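A short write-up of the structure that comes next.
Protein chains: 2
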Amino acid sequence: MQFDSEISGHHVILDAKAESGGSDSGVRPKELLLTALAGCTGMDVVSILRKMRHEPEHFNIIVDAELTDEHPKHYTSMHITYEFGGKDLDMEKLTKAVEMSQEKYCGVSYMFRQIMELTFDIKILDKY
Amino acid sequence: MQFDSEISGHHVILDAKAESGGSDSGVRPKELLLTALAGCTGMDVVSILRKMRHEPEHFNIIVDAELTDEHPKHYTSMHITYEFGGKDLDMEKLTKAVEMSQEKYCGVSYMFRQIMELTFDIKILDKY
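Protein chains in written order, with my numbering: chain V, 222 to 349; chain G, 222 to 349.
Encoded structure:
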């Protein structure tokens, strides 16, 4: 069940869990959709905040998703939590950057929104 | 632009290309959609062929995709090429396994087919 995936010169190892006949030597393919979503919108947000000269010290993205029990197992919803940390962070600017990504730039969000419920919230952390 | 993504205990490094402000230290997030598709259907096919006692010596999957030029940049089509190699391979069994994945099991194919054109072809290679 192990696959070596080459993508733009980089390698990602895929594998199934033991109960699915794999050896857990790499990521599950379907879960990469969550990584793709987080990375796509995350890079947008960094890029927009950089232009606003409002870069946070800390930036973490968590994606929670609901998967069906029945085949073909597919996601019915995803929720993105954007966590920022740093001095003098302005929630209005952070929200503006996230909204610009969600509404205009992030192609993965655009695609996923057509086939599932896609929501988000934004947090400024005291400790990080 | 570099993100360290943790997913079921495994790490995937994401990064943008230099022209997008990154340093190409990892994969582009959107391209992970192609990896997710290949891995999802690939594991199905291996699993089905294993049950058929018809495992190939060589199995490679290539995914080609069309991306829009305009924001939000999204895929409008993907084509999967399944390449098999080995002794006494039976195209009928290989096709059956691929069709079962595409029509019944692969959740990534199921999701993507709702938002883009998804096609495939199957090749048996003489040399691999």
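C-beta atoms are modelled at their ideal positions from N, C-alpha and C, and glycine is treated no differently.
In this text, all values refer to a predicted model and were calculated from it rather than measured experimentally.
Between residue i and chain V, is the shortest Cβ-Cβ distance under 8 angstroms, so that the two count as touching?
| i | result |
| --- | --- |
| A259 of chain G | yes |
| Y331 of chain G | yes |
| M264 of chain G | yes |
| E252 of chain G | yes |
| H300 of chain G | no |
| S268 of chain G | yes |
| L255 of chain G | yes |
| I343 of chain G | no |
| S244 of chain G | no |
Taking Cβ positions only, does residue i come closer than 8 angstroms to chain G?
| i | result |
| --- | --- |
| S226 of chain V | yes |
| P277 of chain V | no |
| A237 of chain V | yes |
| K294 of chain V | yes |
| M273 of chain V | no |
| I336 of chain V | yes |
Which stretch, first to last residue, makes up the beta strand (DSSP E) that contains residue i?
| i | result |
| --- | --- |
| G260 of chain G | No beta strand (DSSP E) holds G260 of chain G; the alpha helix (DSSP H) holding it covers L253 to K272. |
| D342 of chain G | E338 to I345 |
| S226 of chain G | F224 to I228 |
| H231 of chain V | H231 to L235 |
| E287 of chain V | H279 to L288 |
Could you check whether residue j and residue i sit closer than 8 angstroms to each other, using their CB atoms as the reference points?
| i | j | result |
| --- | --- | --- |
| T256 of chain V | P250 of chain G | yes |
| S241 of chain V | Q223 of chain V | no |
| G260 of chain V | L346 of chain G | no |
| D225 of chain V | H232 of chain V | yes |
| G306 of chain V | H279 of chain V | yes |
| L258 of chain V | V319 of chain V | no |
| P252 of chain V | S298 of chain V | Looking at the sequence itself, residue 252 of chain V is Glu, so the reference to Pro does not match. Not a contact, by the Cβ cut-off of 8 angstroms. |
| E304 of chain V | K348 of chain V | no |
| Q335 of chain V | I336 of chain G | yes |
| P293 of chain G | Y326 of chain V | yes |
| I269 of chain G | M312 of chain G | no |
| T262 of chain G | I228 of chain G | no |
| M273 of chain G | K314 of chain G | yes |
| L288 of chain G | L254 of chain V | no |
For the alpha helix (DSSP H) containing residue i, name the first residue and the last one.
| i | result |
| --- | --- |
| S330 of chain V | G328 to R334 |
So does residue i have its beta carbon nearer than 7 angstroms to some heavy atom of the ligand MN?
| i | result |
| --- | --- |
| F333 of chain V | In the structure shown, the ligand MN is absent, as is every other ligand, since no ligand is present at all. |
Practice task
Could I get the ranges of all uninterrupted alpha helix (DSSP H) runs contained in the stretch 296 to 321 of chain G, with 4 residues as the minimum, in chain order?
Solution key: 312 to 321
Exercise for the section: Taking a Cβ distance cut-off of 8 angstroms, strictly less, list which residues of the stretch 300 to 328 of chain G are near chain V, in chain order. Expected result: K325, Y326, C327 and G328
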